[in-house]
Amino acid sequence: MIVLDPKQSFIVAGQTCSYPGSPAHASVTFTNERMIAGTIATYTCDNGYELLGPSRRLCHQNGTWTPLGIPFCVK
Numbered sequence: 001m002i003v004l005d006p007k008q009s010f011i012v013a014g015q016t017c018s019y020p021g022s023p024a025h026a027s028v029t030f031t032n033e034r035m036i037a038g039t040i041a042t043y044t045c046d047n048g049y050e051l052l053g054p055s056r057r058l059c060h061q062n063g064t065w066t067p068l069g070i071p072f073c074v075k
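Position 69 of the sequence shown, counting from 1, maps to 69 under the UniProt record's numbering, and the rest follow consecutively.
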């Protein structure tokens, strides 16, 4: 029998998220280019633009990103 400690997090090898999208006038960088579970996407707007929405999103083991929806950049 395997007992898991609920205080620890485990990443299943091979679980990936699809590309989360990038808003116009912005770039997105990843803590892991393979976009495996646990990867953080960080959004940065071009000079002169302001980010509206979350600046970071997290890839989950089920292949989804949270928070939902990509941010956008406004002048």
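Glycine included, each C-beta is placed from N, C-alpha and C at the ideal position. Only a predicted model underlies this, so the values are computations on that prediction, with no experimental measurement involved.
Comparing alpha carbon positions, the residue from 64, 72, 73, 75 closest to residue 39 is 64. Rounded to the nearest whole angstrom, the C-alpha separation of residue 53 and residue 61 is 23 angstroms. Non-local C-beta neighbours of residue 34 in its own chain, meaning closer than 8 angstroms and more than five positions away in sequence, comprise 16, ordered along the chain. Per DSSP, residue 43 is one residue of the beta strand (DSSP E) stretching across 40–45. Residues of the same chain with a CB within less than 8 angstroms of the CB of residue 74, apart from the 5 flanking positions on each side, are 49, 50, 52 in chain order.
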